[in-house]
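Enquirer:
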Amino acid sequence: MIAALGMLAGIILGIVFQPNVPHGLEPYLPIAVVAALDAVFGGLRAYLDGIFDDKVFVVSFVSNVVIAAGIVYLGDQLGVGEQLSTGVVVVLGIRIFSNVAAIRRHIFHA
Amino acid sequence: MPDAQADRDAARAASADRARRPLLDVITQESLDEDYQHVAEQKRSAAAAGTAPTRRPRFVATAVVAAFGLLVTVAALQTSNASGVTSASREELQRQIKERGDEVGTLQEELVRQRARNIRLQDQLDTVSGAERTASKRVTRMGAVAGYTPVSGPGVVITVDDAPSGEAVRDEDLALLVNGLWEAGAEAISINGKRLTARSALRNAGAAINLNGPPPLSPPYVVSAIGDNGSLEADLLNTTTGLRFVNVADALGFPVTTKKVDNLDLPAATLRKPRSATVEGAQPPPAKKERPS
Chain X
8 MIAALGMLAG
18 IILGIVFQPN
28 VPHGLEPYLP
38 IAVVAALDAV
48 FGGLRAYLDG
58 IFDDKVFVVS
68 FVSNVVIAAG
78 IVYLGDQLGV
88 GEQLSTGVVV
98 VLGIRIFSNV
108 AAIRRHIFHA
Chain Z
147 MPDAQADRDA
157 ARAASADRAR
167 RPLLDVITQE
177 SLDEDYQHVA
187 EQKRSAAAAG
197 TAPTRRPRFV
207 ATAVVAAFGL
217 LVTVAALQTS
227 NASGVTSASR
237 EELQRQIKER
247 GDEVGTLQEE
257 LVRQRARNIR
267 LQDQLDTVSG
277 AERTASKRVT
287 RMGAVAGYTP
297 VSGPGVVITV
307 DDAPSGEAVR
317 DEDLALLVNG
327 LWEAGAEAIS
337 INGKRLTARS
347 ALRNAGAAIN
357 LNGPPPLSPP
367 YVVSAIGDNG
377 SLEADLLNTT
387 TGLRFVNVAD
397 ALGFPVTTKK
407 VDNLDLPAAT
417 LRKPRSATVE
427 GAQPPPAKKE
437 RPS
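Chains as they are written, first to last, in this note's numbering: chain X, 8 to 117; chain Z, 147 to 439.
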């Protein structure tokens with residue numbers, strides 16, 4: 008419940024203030040969002056498993072975002088930014104899918 | 147520390163096992179962060195040992211979720227803002243560039259054309275203002291001659307009064323004097339501050355003399371004439387009409403005084419527009435207007 012309110016607050020803040028992302032950080036925003044999505048679904052699954060721990064959640068969220076953006080940045084410097092971001096998206100996508108599948112099992116028992 | 151040794155061995159075995167498994171299997175099976183498991187196990191063992199787990203408030207997690215919402219929103223807004231540029235294909239962009247370039251070219255041609263037009267108009271303006279200057283000089287010159295511009299210069303002032311015997315100065319007497327002055331080379335004449343123009347006439351109206359309309363002149367009549375200071379008076383006596391005026395004045399006993407003045411200021415007469423007369427050969431004012439091309 009509190010988490011849902013926090014999410015709502017974040018969305019409203021974003022819509023109201025419409026913060027401008029610095030031009031240099033712009034390419035890393037989508038990949039950071041995907042990484043954050045993975046962390047959030049992982050946290051949700053852990054919550055449903057009954058093993059949620061907010062410290063782990065915060066650490067996994069921050070490290071996910073930073074590592075994903077860092078990998079893409081490194082790839083950009085090496086000239087394989089697009090390929091690396093594809094790889095990151097594939098790995099994170101698989102994790103998101105299997106986490107969502109676990110969540111589904113919890114909710115629908117199927 | 148046998149326990150620690152056993153843990154290390156187990157960890158080593160686990161990582162060796164992990165390295166042998168296919169990557170996709172690892173990803174799928176470890177989709178949940180292992181840390182959740184570890185922390186849960188630690189909590190369980192702590193609970194078993196009797197130390198109750200402390201329940202932390204979830205402010206931090208809420209803040210992180212809020213940050214996530216903000217991140218998603220910003221990314222969505224950014225993407226939708228940038229969609230105009232990113233969705234346009236290369237050809238489309240090239241087409242737009244070409245279009246704008248053509249526009250710029252057209253505008254530059256227009257600029258060149260307008261500049262040329264500007265120069266042409268400037269030349270015309272110069273011509274017209276030159277003509278205007280010439281014309282206004284001419285107007286001033288002609289006004290000075292015709293009596294419609296104030297003039298100043300050296301001249302003589304002749305004062306004529308009615309005779310002490312009661313004989314009044316009449317229009318014809320003043321006309322003789324004025325005509326004599328014109329003949330003698332006077333360039334501008336005024337009587338009692340009223341300028342003589344090309345249309346002026348001296349007329350008797352009862353006892354008074356009219357010049358240029360009311361009010362009538364009254365004696366003494368001060369005739370100011372601009373002309374050659376030194377010769378005007380002598381030349382007046384050399385003309386027939388001037389001589390006749392002198393004779394008449396002598397005969398009727400008009401007191402006449404003559405004074406040479408170095409600087410006379412003669413006023414302008416009010417301009418009356420001709421109603422019936424039209425100027426022959428005069429052109430209507432130019433109504434030429436340059437239309438923007």
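Here a beta-carbon is modelled for each residue, glycine too, at the ideal position from N, C-alpha and C.
#1: To the nearest angstrom, how far is the alpha carbon of Ala-290 of chain Z from that of Gly-376 of chain Z?
#2: Using only the alpha-carbon positions, how far apart do Ile-372 of chain Z and Ala-344 of chain Z sit?
#3: Ala-334 of chain Z by DSSP, collapsed to three states: which one?
#4: So which residues on chain X does Ser-173 of chain Z lean against when the C-beta distance must stay under 7 Å?
#5: From Z:Gln-175, Z:Glu-256, Z:Arg-316, pick the residue whose C-alpha is nearest to that of Asn-356 of chain Z; which is it?
#6: Scan the segment 51–117 of chain X and note each continuous alpha helix (DSSP H) run of 4 residues or more that stays entirely inside, going in chain order.
#7: Just mark Leu-253 of chain Z as buried or exposed, buried being the case when its beta carbon has 16 or more other beta carbons within 10 Å.
#8: Could you give the first and the last residue of the continuous alpha helix (DSSP H) run that contains Val-297 of chain Z?
#9: Just to confirm, are Asn-338 of chain Z and Val-368 of chain Z a CB contact at a threshold of 7 Å?
#10: Using only CA atoms, which one of Z:Thr-416, Z:Val-425, Z:Gln-224 lies nearest to Tyr-294 of chain Z?
#11: Ordered along the chain, which non-local residues of its own chain (more than five positions away) have a Cβ less than 8 Å from that of Leu-12 of chain X?
#12: Would DSSP call Leu-363 of chain Z helix, strand or coil?
#13: Beta carbon of Asp-181 of chain Z, beta carbon of Val-73 of chain X: below 7 Å?
#14: Can you pull the chain X neighbours of Ala-209 of chain Z, defined as C-beta to C-beta under 8 Å?
#15: Please report the straight-line C-alpha distance between Ser-92 of chain X and Gly-21 of chain X, rounded to a whole angstrom.
#16: Can you pull out the residues from the segment 252–267 of chain Z whose beta carbon lies closer than 7 Å to at least one beta carbon of chain X?
#17: Can you check whether the CB of Lys-419 of chain Z is closer than 7 Å to the CB of Val-302 of chain Z?
#18: Is it buried or exposed for Phe-214 of chain Z, if we count other Cβ within 10 angstroms and need 16 for buried?
#19: Is Val-63 of chain X close to chain Z, meaning its C-beta is less than 7 Å from at least one C-beta of that chain?
#20: Can you tell me whether DSSP reads Lys-340 of chain Z as helix, strand or coil?
#21: Considering only residues of the same chain and omitting the five flanking positions on each side of Val-324 of chain Z, which have a CB-CB separation below 8 Å?
#22: So, are the CB atoms of Ala-76 of chain X and Ala-39 of chain X less than 7 Å apart?
#23: Helix, strand or coil: which one does DSSP assign to Lys-283 of chain Z?
#24: Is there a Cβ of chain X sitting closer than 7 Å to that of Gln-188 of chain Z, yes or no?
#25: Using 10 angstroms around the beta-carbon of Ser-177 of chain Z, count the other beta-carbons present and answer buried if the total reaches 16, otherwise exposed.
#26: Going by DSSP, name the residue or residues bridged to Leu-389 of chain Z.
Expert: On the basis of the data shown:
#1: 21 Å
#2: 16 Å
#3: strand
#4: Note on identity: in this sequence residue 173 of chain Z is Ile, with Ser being the wrong assignment. Going along chain X in sequence order, the residues near Ile-173 of chain Z (Cβ under 7 Å) are Val-98, Ile-101, Arg-102.
#5: Z:Arg-316
#6: 61–85, 88–115
#7: exposed
#8: Careful: Val-297 of chain Z lies outside any alpha helix (DSSP H), inside the beta strand (DSSP E) at 297–306.
#9: yes
#10: Z:Thr-416
#11: none
#12: strand
#13: no
#14: Gly-13
#15: 25 Å
#16: none
#17: no
#18: buried
#19: yes
#20: strand
#21: Ile-335, Ile-337, Leu-342, Leu-348, Val-369
#22: yes
#23: helix
#24: no
#25: buried
#26: BP columns for Leu-389 of chain Z are empty, so no partner.
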